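Right, one structure below, let's go through it.
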Amino acid sequence: EARGCAEAEAAVSYAPGNCPLVLTCPHDGSLRPADMPDRDPQQPGVVTCNDDLVAPADQADRYGLEAFLIVNNVDRLKVDMNRSEARACQPGAAASVTAYRAYHGRVRAALEAASRLAAAADDNEGVGGGHPLLLDFHGQDHPEQWLELGYGIKAPLLDSGHYTAQQCTLKCLCSRSGQSPSELISGPHSLGAYLESRSVPVVPSARRPSPGPGANYYSGAYTVHHYSSTKADCIQLENPDYVRSKQCGTVSDEYCGMLADSLMDFACYHGYVRSAGNKLQI
57 EARGCAEAEA AVSYAPGNCP LVLTCPHDGS LRPADMPDRD PQQPGVVTCN DDLVAPADQA
117 DRYGLEAFLI VNNVDRLKVD MNRSEARACQ PGAAASVTAY RAYHGRVRAA LEAASRLAAA
177 ADDNEGVGGG HPLLLDFHGQ DHPEQWLELG YGIKAPLLDS GHYTAQQCTL KCLCSRSGQS
237 PSELISGPHS LGAYLESRSV PVVPSARRPS PGPGANYYSG AYTVHHYSST KADCIQLENP
297 DYVRSKQCGT VSDEYCGMLA DSLMDFACYH GYVRSAGNKL QI
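Take 57 as the starting number for the sequence shown in our numbering and just add one per residue.
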(Lines of atoms letter the chains of each structure in order from A; the text may use other names.)
(Lines give C-alpha, C1' and ligand atoms only; values in the text may rest on other atoms or scores of the structure.)
Protein backbone atom coordinates (compact mmCIF):
# COMPACT_ATOMS: atom_id res chain seq x y z
CA GLU A 57 0.00 0.00 0.00
CA ALA A 58 0.96 3.62 -0.37
CA ARG A 59 2.72 4.69 2.80
CA GLY A 60 0.95 7.84 3.84
CA CYS A 61 1.10 11.36 2.53
CA ALA A 62 4.74 11.15 1.41
CA GLU A 63 3.84 8.48 -1.12
CA ALA A 64 0.42 9.75 -2.17
CA GLU A 65 1.63 10.70 -5.63
CA ALA A 66 2.88 7.14 -6.19
CA ALA A 67 -0.75 6.04 -5.94
CA VAL A 68 -1.31 7.26 -9.51
CA SER A 69 -0.18 5.09 -12.43
CA TYR A 70 0.75 6.90 -15.62
CA ALA A 71 1.86 5.70 -19.04
CA PRO A 72 2.76 8.20 -21.79
CA GLY A 73 1.25 7.81 -25.24
CA ASN A 74 2.16 8.42 -28.86
CA CYS A 75 -1.21 9.66 -30.14
CA PRO A 76 -3.84 12.27 -29.17
CA LEU A 77 -5.93 9.81 -27.12
CA VAL A 78 -6.06 10.03 -23.32
CA LEU A 79 -7.63 7.27 -21.20
CA THR A 80 -8.51 7.87 -17.55
CA CYS A 81 -9.66 5.39 -14.93
CA PRO A 82 -10.53 7.25 -11.69
CA HIS A 83 -12.24 4.48 -9.69
CA ASP A 84 -9.94 1.46 -10.11
CA GLY A 85 -7.96 1.81 -6.89
CA SER A 86 -7.60 -0.48 -3.89
CA LEU A 87 -4.99 1.36 -1.75
CA ARG A 88 -6.21 2.65 1.61
CA PRO A 89 -3.41 4.74 3.17
CA ALA A 90 -3.78 5.16 6.92
CA ASP A 91 -3.44 8.95 6.79
CA MET A 92 -6.36 9.29 4.36
CA PRO A 93 -9.62 9.36 6.36
CA ASP A 94 -12.60 7.48 4.96
CA ARG A 95 -15.18 9.52 3.11
CA ASP A 96 -18.54 9.71 4.87
CA PRO A 97 -21.04 7.62 2.85
CA GLN A 98 -23.91 9.36 4.63
CA GLN A 99 -23.12 12.68 2.98
CA PRO A 100 -25.20 13.57 -0.11
CA GLY A 101 -23.64 12.42 -3.37
CA VAL A 102 -20.89 10.34 -1.73
CA VAL A 103 -20.30 6.94 -3.36
CA THR A 104 -17.54 4.73 -1.97
CA CYS A 105 -17.69 1.56 -4.11
CA ASN A 106 -15.04 0.99 -6.78
CA ASP A 107 -15.65 0.18 -10.42
CA ASP A 108 -13.27 -2.81 -10.32
CA LEU A 109 -12.44 -2.09 -13.94
CA VAL A 110 -9.12 -2.38 -15.69
CA ALA A 111 -9.34 0.07 -18.59
CA PRO A 112 -9.72 -1.89 -21.87
CA ALA A 113 -6.88 -0.08 -23.59
CA ASP A 114 -5.30 -2.50 -26.05
CA GLN A 115 -4.96 -0.07 -28.96
CA ALA A 116 -1.16 -0.33 -28.83
CA ASP A 117 -1.08 -4.04 -29.64
CA ARG A 118 -3.81 -3.82 -32.26
CA TYR A 119 -2.77 -0.65 -34.07
CA GLY A 120 0.71 0.37 -33.07
CA LEU A 121 -0.81 3.22 -31.08
CA GLU A 122 -0.39 3.92 -27.39
CA ALA A 123 -2.90 6.14 -25.66
CA PHE A 124 -1.91 8.18 -22.62
CA LEU A 125 -3.17 6.22 -19.62
CA ILE A 126 -3.85 7.56 -16.11
CA VAL A 127 -5.13 5.13 -13.47
CA ASN A 128 -5.97 6.03 -9.89
CA ASN A 129 -4.75 3.41 -7.41
CA VAL A 130 -6.38 4.85 -4.27
CA ASP A 131 -9.65 3.31 -3.10
CA ARG A 132 -12.75 5.39 -3.67
CA LEU A 133 -13.49 5.06 0.05
CA LYS A 134 -10.59 7.51 0.55
CA VAL A 135 -10.85 9.86 -2.44
CA ASP A 136 -13.09 10.17 -5.49
CA MET A 137 -11.10 11.41 -8.48
CA ASN A 138 -14.28 11.99 -10.49
CA ARG A 139 -15.49 14.85 -8.28
CA SER A 140 -14.36 18.41 -7.75
CA GLU A 141 -11.60 18.77 -5.17
CA ALA A 142 -14.05 20.19 -2.64
CA ARG A 143 -16.21 17.05 -2.89
CA ALA A 144 -13.50 14.45 -3.46
CA CYS A 145 -12.49 13.68 0.12
CA GLN A 146 -13.10 14.40 3.78
CA PRO A 147 -12.53 18.03 4.81
CA GLY A 148 -8.97 18.65 5.96
CA ALA A 149 -7.64 15.37 4.54
CA ALA A 150 -4.26 16.66 3.35
CA ALA A 151 -2.98 13.31 2.06
CA SER A 152 -6.17 12.75 0.07
CA VAL A 153 -5.91 16.20 -1.47
CA THR A 154 -2.28 15.50 -2.41
CA ALA A 155 -3.31 12.29 -4.19
CA TYR A 156 -6.20 14.07 -5.89
CA ARG A 157 -3.95 16.83 -7.19
CA ALA A 158 -1.36 14.29 -8.35
CA TYR A 159 -3.98 12.40 -10.36
CA HIS A 160 -5.42 15.48 -12.03
CA GLY A 161 -1.95 16.88 -12.60
CA ARG A 162 -1.22 13.76 -14.63
CA VAL A 163 -4.46 14.19 -16.57
CA ARG A 164 -3.60 17.80 -17.41
CA ALA A 165 -0.05 16.86 -18.42
CA ALA A 166 -1.36 14.07 -20.66
CA LEU A 167 -3.84 16.40 -22.35
CA GLU A 168 -1.12 18.99 -22.94
CA ALA A 169 1.17 16.37 -24.50
CA ALA A 170 -1.70 14.92 -26.55
CA SER A 171 -2.55 18.42 -27.77
CA ARG A 172 1.04 18.90 -28.96
CA LEU A 173 0.89 15.59 -30.84
CA ALA A 174 -2.43 16.57 -32.40
CA ALA A 175 -1.10 19.98 -33.42
CA ALA A 176 2.03 18.41 -34.95
CA ALA A 177 -0.11 15.99 -36.96
CA ASP A 178 -2.29 18.88 -38.04
CA ASP A 179 0.75 20.84 -39.27
CA ASN A 180 2.31 17.86 -41.04
CA GLU A 181 -0.81 16.64 -42.82
CA GLY A 182 -2.56 19.94 -43.41
CA VAL A 183 -5.87 18.42 -42.30
CA GLY A 184 -7.36 17.15 -39.09
CA GLY A 185 -8.69 18.50 -35.86
CA GLY A 186 -5.60 19.26 -33.83
CA HIS A 187 -7.48 18.27 -30.66
CA PRO A 188 -7.12 15.32 -28.28
CA LEU A 189 -9.90 12.95 -27.21
CA LEU A 190 -10.21 11.94 -23.54
CA LEU A 191 -12.06 8.71 -22.69
CA ASP A 192 -13.05 8.30 -19.03
CA PHE A 193 -13.59 4.62 -18.11
CA HIS A 194 -16.07 3.40 -15.49
CA GLY A 195 -18.20 0.38 -14.67
CA GLN A 196 -21.85 0.08 -13.66
CA ASP A 197 -24.38 -2.64 -12.85
CA HIS A 198 -27.59 -1.16 -14.23
CA PRO A 199 -30.18 -3.82 -15.16
CA GLU A 200 -30.30 -2.60 -18.78
CA GLN A 201 -26.79 -4.05 -19.21
CA TRP A 202 -25.77 -1.63 -21.92
CA LEU A 203 -22.62 0.44 -22.37
CA GLU A 204 -23.53 4.01 -21.43
CA LEU A 205 -21.70 6.74 -23.33
CA GLY A 206 -21.79 10.04 -21.45
CA TYR A 207 -21.54 13.30 -23.35
CA GLY A 208 -22.60 15.57 -20.51
CA ILE A 209 -26.27 15.57 -21.51
CA LYS A 210 -28.70 14.25 -18.91
CA ALA A 211 -31.26 11.63 -19.95
CA PRO A 212 -34.37 13.88 -20.18
CA LEU A 213 -32.56 16.32 -22.46
CA LEU A 214 -31.11 13.46 -24.50
CA ASP A 215 -34.62 11.99 -24.78
CA SER A 216 -35.94 15.33 -26.06
CA GLY A 217 -33.34 15.52 -28.83
CA HIS A 218 -33.01 19.26 -28.24
CA TYR A 219 -29.51 20.14 -27.05
CA THR A 220 -26.67 22.32 -28.26
CA ALA A 221 -22.95 21.91 -28.83
CA GLN A 222 -22.24 23.99 -25.73
CA GLN A 223 -24.20 21.51 -23.62
CA CYS A 224 -22.19 18.47 -24.72
CA THR A 225 -18.59 17.37 -24.20
CA LEU A 226 -17.72 17.23 -27.92
CA LYS A 227 -17.46 20.99 -28.40
CA CYS A 228 -14.25 20.82 -30.45
CA LEU A 229 -15.63 18.20 -32.81
CA CYS A 230 -18.91 20.08 -33.22
CA SER A 231 -16.98 23.23 -34.12
CA ARG A 232 -14.56 21.73 -36.63
CA SER A 233 -16.95 19.22 -38.23
CA GLY A 234 -19.93 21.53 -38.66
CA GLN A 235 -22.18 18.67 -37.57
CA SER A 236 -24.87 18.93 -34.94
CA PRO A 237 -24.24 17.31 -31.56
CA SER A 238 -27.06 14.83 -32.19
CA GLU A 239 -25.32 13.66 -35.40
CA LEU A 240 -22.05 13.15 -33.52
CA ILE A 241 -23.69 11.45 -30.54
CA SER A 242 -26.20 9.18 -32.31
CA GLY A 243 -25.55 9.49 -36.05
CA PRO A 244 -24.11 6.85 -38.41
CA HIS A 245 -20.52 7.76 -37.49
CA SER A 246 -21.04 8.15 -33.75
CA LEU A 247 -19.11 5.99 -31.32
CA GLY A 248 -22.39 4.33 -30.40
CA ALA A 249 -23.06 3.42 -34.03
CA TYR A 250 -19.63 1.79 -34.42
CA LEU A 251 -20.17 -0.20 -31.22
CA GLU A 252 -23.67 -1.17 -32.31
CA SER A 253 -22.31 -2.50 -35.61
CA ARG A 254 -20.28 -4.96 -33.50
CA SER A 255 -23.37 -6.05 -31.53
CA VAL A 256 -22.44 -4.15 -28.36
CA PRO A 257 -25.62 -2.94 -26.57
CA VAL A 258 -25.01 0.79 -26.18
CA VAL A 259 -26.76 4.09 -25.58
CA PRO A 260 -26.81 6.62 -27.19
CA SER A 261 -26.41 5.13 -30.65
CA ALA A 262 -27.98 5.20 -34.10
CA ARG A 263 -30.69 2.69 -33.17
CA ARG A 264 -31.04 3.88 -29.57
CA PRO A 265 -30.43 7.66 -29.57
CA SER A 266 -31.52 8.06 -25.95
CA PRO A 267 -32.12 5.85 -22.91
CA GLY A 268 -35.86 6.52 -22.83
CA PRO A 269 -38.10 7.44 -19.87
CA GLY A 270 -37.28 5.67 -16.63
CA ALA A 271 -34.12 3.98 -17.89
CA ASN A 272 -30.85 4.09 -15.97
CA TYR A 273 -28.16 6.22 -17.57
CA TYR A 274 -25.00 8.05 -16.48
CA SER A 275 -24.53 11.18 -18.57
CA GLY A 276 -21.01 12.04 -17.44
CA ALA A 277 -19.52 13.48 -14.27
CA TYR A 278 -16.71 15.80 -13.21
CA THR A 279 -13.91 14.56 -15.47
CA VAL A 280 -15.67 14.95 -18.81
CA HIS A 281 -17.35 18.21 -17.80
CA HIS A 282 -14.14 19.72 -16.43
CA TYR A 283 -11.81 18.81 -19.28
CA SER A 284 -14.15 19.27 -22.26
CA SER A 285 -13.54 22.68 -23.74
CA THR A 286 -12.47 24.29 -26.97
CA LYS A 287 -9.20 22.34 -26.65
CA ALA A 288 -10.31 18.74 -25.94
CA ASP A 289 -13.28 16.42 -26.43
CA CYS A 290 -14.37 13.97 -23.74
CA ILE A 291 -16.58 10.89 -23.47
CA GLN A 292 -17.44 8.94 -20.33
CA LEU A 293 -17.74 5.17 -20.87
CA GLU A 294 -19.80 3.28 -18.29
CA ASN A 295 -19.08 -0.36 -19.03
CA PRO A 296 -21.77 -2.92 -18.10
CA ASP A 297 -21.32 -5.41 -15.33
CA TYR A 298 -21.53 -8.51 -17.52
CA VAL A 299 -18.23 -7.79 -19.32
CA ARG A 300 -16.23 -7.67 -16.07
CA SER A 301 -14.78 -10.64 -14.22
CA LYS A 302 -16.10 -10.88 -10.67
CA GLN A 303 -12.89 -12.57 -9.54
CA CYS A 304 -10.20 -10.20 -10.80
CA GLY A 305 -11.98 -7.10 -12.12
CA THR A 306 -10.61 -7.50 -15.66
CA VAL A 307 -12.64 -7.04 -18.81
CA SER A 308 -13.23 -9.81 -21.36
CA ASP A 309 -10.81 -9.89 -24.30
CA GLU A 310 -13.68 -10.07 -26.80
CA TYR A 311 -15.29 -6.94 -25.38
CA CYS A 312 -11.94 -5.12 -25.26
CA GLY A 313 -11.39 -5.92 -28.93
CA MET A 314 -14.81 -4.66 -30.01
CA LEU A 315 -14.42 -1.53 -27.92
CA ALA A 316 -10.90 -0.81 -29.21
CA ASP A 317 -11.96 -1.35 -32.84
CA SER A 318 -14.96 0.95 -32.41
CA LEU A 319 -12.88 3.64 -30.71
CA MET A 320 -10.37 3.54 -33.53
CA ASP A 321 -13.10 3.75 -36.18
CA PHE A 322 -14.54 6.79 -34.41
CA ALA A 323 -11.16 8.43 -33.78
CA CYS A 324 -10.02 7.86 -37.36
CA TYR A 325 -13.23 9.00 -39.04
CA HIS A 326 -13.34 12.21 -37.02
CA GLY A 327 -9.65 13.04 -37.43
CA TYR A 328 -8.24 12.43 -33.97
CA VAL A 329 -5.87 9.91 -35.57
CA ARG A 330 -5.17 9.15 -39.23
CA SER A 331 -5.54 6.03 -41.31
CA ALA A 332 -2.98 4.52 -43.69
CA GLY A 333 -4.19 1.23 -45.14
CA ASN A 334 -4.74 -1.17 -42.29
CA LYS A 335 -2.59 0.86 -39.90
CA LEU A 336 -3.43 3.93 -37.91
CA GLN A 337 -0.95 6.73 -37.49
CA ILE A 338 -0.82 10.20 -36.03
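All C-beta atoms, glycine included, are put in the ideal place defined by N, C-alpha and C.
From a predicted model like this one, the values you see are computed outputs, not experimental measurements.
CB of residue i within 8 Å of CB of residue j, strictly
{"i": "P257", "j": "S266", "result": "no"}
{"i": "S69", "j": "N138", "result": "no"}
{"i": "L125", "j": "A71", "result": "yes"}
{"i": "L189", "j": "P82", "result": "no"}
{"i": "D84", "j": "V153", "result": "no"}
{"i": "G186", "j": "E122", "result": "no"}
{"i": "L240", "j": "S231", "result": "no"}
{"i": "P199", "j": "A151", "result": "no"}
{"i": "D136", "j": "A144", "result": "yes"}
{"i": "S140", "j": "K287", "result": "no"}
{"i": "V78", "j": "L173", "result": "no"}
Opposing strand residues paired with residue i [DSSP bridges]
{"i": "S69", "result": "V127"}
{"i": "T80", "result": "I126, D192"}
{"i": "L87", "result": "V130"}
Best match in the options for proximity to residue i [C-alpha to C-alpha]
{"i": "E204", "options": "T225, H194, L87", "result": "H194"}
{"i": "S284", "options": "I209, V68, A66", "result": "I209"}
{"i": "R254", "options": "E310, K287, L229", "result": "E310"}
{"i": "D197", "options": "R132, A66, P296", "result": "P296"}
{"i": "Q341", "options": "K134, R157, S140", "result": "The requested residue 341 is not part of the displayed model; the chain covers only 57 to 338."}
{"i": "L229", "options": "G85, A323, E200", "result": "A323"}
{"i": "S242", "options": "R232, R263, P199, K227", "result": "R263"}
{"i": "D289", "options": "G217, A158, H326", "result": "H326"}
{"i": "Q223", "options": "H282, Y159, R162, G161", "result": "H282"}
{"i": "V329", "options": "K227, A175, G313", "result": "A175"}
Same chain, Cβ closer than 6 Å to residue i, five either side skipped, listed in chain order
{"i": "D192", "result": "T80, T279, V280, Q292"}
{"i": "Y274", "result": "E204, G206, E294"}
{"i": "A211", "result": "P267, Y273"}
{"i": "A165", "result": "none"}
{"i": "Q201", "result": "P296, Y298"}
{"i": "V103", "result": "Low confidence applies here, because V103 scores a pLDDT of 42, under 50, leaving its location unreliable and the question unanswered by this model."}
{"i": "A67", "result": "A58, L87, N129, V130, A155"}
{"i": "S308", "result": "V299"}
{"i": "R53", "result": "Since the first residue of the chain shown is 57 and the last is 338, residue 53 is not available in this structure."}
Neighbourhood of residue i by C-beta, 8 Å cutoff - its chain only, sequence neighbours within 5 removed
{"i": "Y219", "result": "I209, L213, P237, S238"}
{"i": "D215", "result": "S266, P267, G268, P269"}
{"i": "K227", "result": "A221, S284, S285, T286, D289"}
{"i": "G217", "result": "S238, P265, S266"}
{"i": "P340", "result": "Outside the displayed span of the chain (57 to 338) sits residue 340, for which this structure offers no information."}
beta-carbon residue i near the ligand NAP non-hydrogen atom, thresh 7 Å
{"i": "H83", "result": "Questions concerning the ligand NAP fall outside what the structure shown contains, since it holds no ligand whatsoever."}
Contact set for residue i: own chain, Cβ-Cβ below 7 Å, skip 5 residues either direction
{"i": "A149", "result": "M92, P93"}
{"i": "G276", "result": "G206, Y207, G208, T225, Q292"}
{"i": "D321", "result": "Y250"}
{"i": "E252", "result": "V258, S261, A262, R263"}
{"i": "P100", "result": "Here the model assigns P100 a pLDDT of 44, short of 50, so the residue's position is not dependable, and the following value carries that caveat. Around P100: no qualifying Cβ."}
Minimum Cβ-Cβ distance from residue i to chain C less than 8 Å
{"i": "V78", "result": "Looking for chain C here will not work: only one protein chain is present."}
Inset, instruction - Please go through the stretch 187 to 236 and give each complete beta strand (DSSP E) segment of 3 or more residues, from N-terminal end onward. - result: 189 to 196, 203 to 206
Inset, instruction - Run through the stretch 240 to 304 for me and flag every whole beta strand (DSSP E) of 3 or more residues, listed as ranges in chain order. - result: 289 to 296
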